[in-house]
Amino acid sequence: MGDYTIALSFFQKSLDIRQKSLGEDHISFANIYDNLGSVYKSIGSKLVAQSYYQKAFDIRQRSLDENHPEMANSYNNLGTIHSSIGDKSKALAYYERHLKFSKNLAQIIIQI
């Protein structure tokens, strides 16, 4: 647990610094929230992880276009965490969004 505790401490420090300089809703918070979600998921705190993944998703949804690549990351993270806590219907919905995004991205790449 030692390494996870250190990671959580650094992510919290990063949040504190950014809150003071950027405010609560800056897009850069999404990545920190994803990282916190990943750490909490790794230590088995799935509901805490879910809340951080949701925060990241909410910020991205407000700040980015629906087709932005970072949205796919949020869809995948939410699908994975919902699957791991047993909410298969929500997991499927997020995975379907991720799949749709991936197909759209593939089409764009093919056209290039």
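Counting in the working numbering, the sequence shown runs from 382 upward without gaps. Yeah, the Cβ is synthetic: ideal placement off N, Cα and C, and Gly gets one too. Fair warning: this is a prediction, and the values are worked out from it, not measured in the lab.
Coil, strand or helix - asparagine 412 by DSSP: helix
Starting from glycine 460, follow the alpha helix (DSSP H) in both directions and report where the run begins and ends. 450 to 465
Starting from the C-beta of leucine 396, find all residues in its chain whose C-beta is less than 6 Å away, skip the five residues before and the five after it, and write them out in chain order. Ile413
Residue burial classification, threonine 386 (beta-carbon count within 10 angstroms, cutoff 16): exposed
Below 7 Å between beta carbons: does that hold for alanine 437 and phenylalanine 482? Taking 7 Å as the Cβ cut-off, alanine 437 and phenylalanine 482 do not qualify as a contacting pair.
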